[in-house]
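Residue numbers (our numbering): 52 to 527. Even glycine gets a Cβ: it sits at the ideal position worked out from N, Cα and C. Please read these numbers as outputs of a predicted model, since none were measured by experiment. Take a look at the structure below.
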């Protein structure tokens, strides 16, 4: 059985060799992520180039997701390299400082002192350290330690419940956005999205550099959860970033929020990637914990379009094993037959969605081996995937870029096919490809979705039940 949920893996030092990268691709990686929170523009250029070289050598093309850092704040350089905080003691946090005197905490975010108020929380190192604001004077924020521990340099900071004055798209993000376009990224992930306006701002920035990259909105702030409907409408996909979401909100809320976000993304027909600590123990172990295996399986059963490996592949000891294990768990989960099944979309259906729905139903009724979609922009294939059919979806497009972008979507196996002048020529080319690749046997039935006139975006209006081999006599 072909795997439907996709595997995304973060590139980093652990998979910088062509050998390891090739092994990860052969083990099932569909999507590569560049984390712009780490590394230099030159690092990202080299990794993107290496990905394209290795994947094409293996006869495939992966989607490349550029993940912008967003407004992430960090502790600066501590006196002595670390600071021990005891519950109940007082400590000063100094805003906009790279260094600070002994006993105080420097923070890179200059507007911290104007954004926080007494009783607000400052969380450090994924919430391990919990400070409560007592008072603010100038750039000095006096706090009481609610939950202590040891702080070290460069640890991340979260400000749950605070209205941040910094824009979602920072100056660094704008530079990184340009780099992402230059290196040929296929998707752009926007971090710490608070509203649909953040996505509109990102699209304007893309337009300025002549790009229309699709956007993944990362859901990791309470405001994003509250405005999920508008964000879904303004985005091209969703990334459930459980790490920061579980710091900004109580961790016990995250499992239910994950299910709700995925369900709403499925209903809207948008791809949804689930991320953070999926196989965390495999950073240093060749096998995951049972809880991690259950987590991956449940994310699949929830309806995730893809699952993201982060430190496991970027900096772990077993990057290929992590991909192999995720592939195995996903296949086991999908093999239960308990996968999320999308219902009928609400409201009136477009012609394209109606044709896609009919094609999925027909494929089930005639026991087709595949649903085949001829698509210019990828839209028709996305509409078919929206119904989560049990029949595999093959999408053919003349655009290599479209093929790569479709890899983020559930259940779609994209392939490049040149533009042809007629449906007869397309069907003949289809028979050639299907038989050559041994995806089908002569006489197998496939359901074909296309549009007329051929090769025009947005004209999906044709559904055909086709017996493989009957079109081989029709040529251009």
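Check: With 16 other CB atoms within 10 Å as the buried threshold, where does residue 263 fall?
Finding: Locating residue 263 in the chain shown gives position 212, counting from the first residue. Answer is exposed; the Cβ neighbour count stays below 16.
Notebook entry, point to check: What distance in whole Å lies between the Cβ atoms of residue 517 and residue 322, which are believed to be in contact at a cut-off of 8 Å?
Noted result: Along the chain shown, read from residue 1 onward, the residue named residue 322 stands at position 271. Along the chain shown, read from residue 1 onward, the residue named residue 517 stands at position 466. About 27 Å; that fails the 8 Å criterion.
Check: Mapping DSSP to helix, strand and coil, what is residue 514?
Finding: Here residue 514 refers to the residue found at position 463 when the chain shown is read from its first residue. Strand.
Item checked: Proximal residues to residue 171 (C-beta, below 8 Å), its chain only, five neighbours per side dropped -> Numbered from its first residue, the chain shown carries residue 171 at position 120. For residue 171, same chain residues with a beta-carbon under 8 Å away, outside a window of 5 residues either side, are 183, 184, 210, 212, 213 in chain order.
Notebook entry, point to check: Buried or exposed: where does residue 354 fall if 16 or more other Cβ atoms within 10 Å of its Cβ makes it buried?
Noted result: Mapped onto the chain shown, residue 354 falls at position 303. Buried, because 16 or more other Cβ atoms sit within 10 Å of the Cβ of residue 354.
Margin query: Counting C-beta neighbours from all protein chains within 10 Å, is the total for residue 327 16 or more, i.e. buried, or is it exposed?
Written below: What you label residue 327 is simply residue 276 of the chain shown in a count that begins at 1. Label assigned to residue 327: buried.
Checklist line | Residue(s) in a DSSP beta bridge with residue 421 | finding: Here residue 421 is taken as the residue at index 370 of the chain shown, counted from 1. According to DSSP, residue 421 shares a beta bridge with 497.
Margin query: With DSSP as the reference, identify every bridge partner of residue 466, one or two as the case may be.
Written below: What you label residue 466 is simply residue 415 of the chain shown in a count that begins at 1. According to the DSSP secondary-structure assignment, residue 466 is paired through a beta bridge with 447.
Margin query: I'd like the span of the alpha helix (DSSP H) that includes residue 106, first residue to last.
Written below: Residue mapping note: residue 106 aligns to position 55 of the chain shown, counting from 1. Judged by DSSP secondary structure, residue 106 falls within the alpha helix (DSSP H) whose first and last residues are 92-108.
Margin query: When you compare the CB positions of residue 82 and residue 59, do they come within less than 8 Å of one another, or not?
Written below: Translated into the one-based positions of the chain shown, residue 82 becomes position 31. Translated into the one-based positions of the chain shown, residue 59 becomes position 8. The Cβ-Cβ distance between residue 82 and residue 59 falls below 8 Å.
Notebook entry, point to check: Between the segment 125-137 and the segment 194-211, do three or more beta carbon pairs fall short of 8 Å?
Noted result: Below 8 Å, enough C-beta pairs join the segment 125-137 and the segment 194-211 to call them touching: three or more.
Check: Taking the C-alpha atoms as reference points, what is the distance between residue 465 and residue 331?
Finding: Position 414 of the chain shown, counted from the start, is the residue given in the question as residue 465. Position 280 of the chain shown, counted from the start, is the residue given in the question as residue 331. Taking the straight line joining both Cα atoms gives about 30 Å.
Item checked: Straight-line gap, residue 493 to residue 481 (C-alpha atoms, nearest Å) -> For the purposes of this step, residue 493 is taken as the residue at position 442 of the chain shown. For the purposes of this step, residue 481 is taken as the residue at position 430 of the chain shown. Between the alpha carbons of residue 493 and residue 481 lies a gap of roughly 12 Å.
Checklist line | Exposure label - residue 299; buried when at least 16 CB within 10 Å | finding: Your numbering for residue 299 matches position 248 in the chain shown. Here residue 299 is buried. Its C-beta has 16 or more other C-beta atoms within 10 Å.
Notebook entry, point to check: With a CB to CB cut of under 6 Å and the five nearest residues on each side skipped, what residues in its chain are close to residue 129?
Noted result: Within the chain shown, the letter at position 78 stands for residue 129. Scanning its chain for C-beta atoms nearer than 6 Å, with the 5 sequence neighbours on each side dropped, one finds around residue 129 the residues 204, in chain order.
Next item on the list: Report all residues from its chain with a CB closer than 8 Å to the CB of residue 513; omit the five preceding and five following residues, and keep chain order.
Entry: On the chain shown, position 462 is the one that residue 513 refers to. Listed in chain order, the non-local C-beta contacts of residue 513 below 8 Å within the same chain comprise 406, 474, 499, 500, 501, 502, 503, local neighbours out to five positions each way being set aside.
Item checked: Rounded straight-line distance, which links the Cα of residue 271 to that of residue 537 -> This structure cannot settle anything about residue 537, because the visible part of the chain is limited to 52 through 527.
Check: Around the C-beta of residue 309, are 16 or more other C-beta atoms found within 10 angstroms, so that it is buried, or is it exposed?
Finding: For the purposes of this step, residue 309 is identified with residue 258 of the chain shown, where counting begins at 1. Under a 10 Å Cβ-count criterion, residue 309 is classified as buried, with 16 or more other Cβ atoms of the shown protein chains found around its own Cβ.
Item checked: Candidates 250, 294, 313, 364: closest to residue 336 by CA position -> Along the chain shown, one-based indexing puts residue 336 at 285. Of the listed residues, the one whose Cα sits closest to residue 336 is 364.
Notebook entry, point to check: Is it buried or exposed for residue 168, if we count other Cβ within 10 angstroms and need 16 for buried?
Noted result: The residue labelled residue 168 in the question sits at position 117 within the chain shown. Counting Cβ neighbours within 10 Å, residue 168 comes out exposed, since fewer than 16 surround it.
Note to self: Bridge partners for residue 238 per DSSP, in chain order?
What the structure shows: Residue mapping note: residue 238 aligns to position 187 of the chain shown, counting from 1. Answer is 116, bridged to residue 238.
Notebook entry, point to check: Exposed or buried, residue 95, counting other C-beta atoms within 10 Å across all chains shown (16 or more means buried)?
Noted result: Position 44 of the chain shown, counted from the first residue, corresponds to residue 95. Burial call: buried.
Check: Whole-angstrom Cβ separation of residue 114 and residue 439, contact assumed at under 8 Å?
Finding: Residue mapping note: residue 114 aligns to position 63 of the chain shown, counting from 1. Residue mapping note: residue 439 aligns to position 388 of the chain shown, counting from 1. About 20 Å separates the two Cβ atoms, so there is no contact after all.
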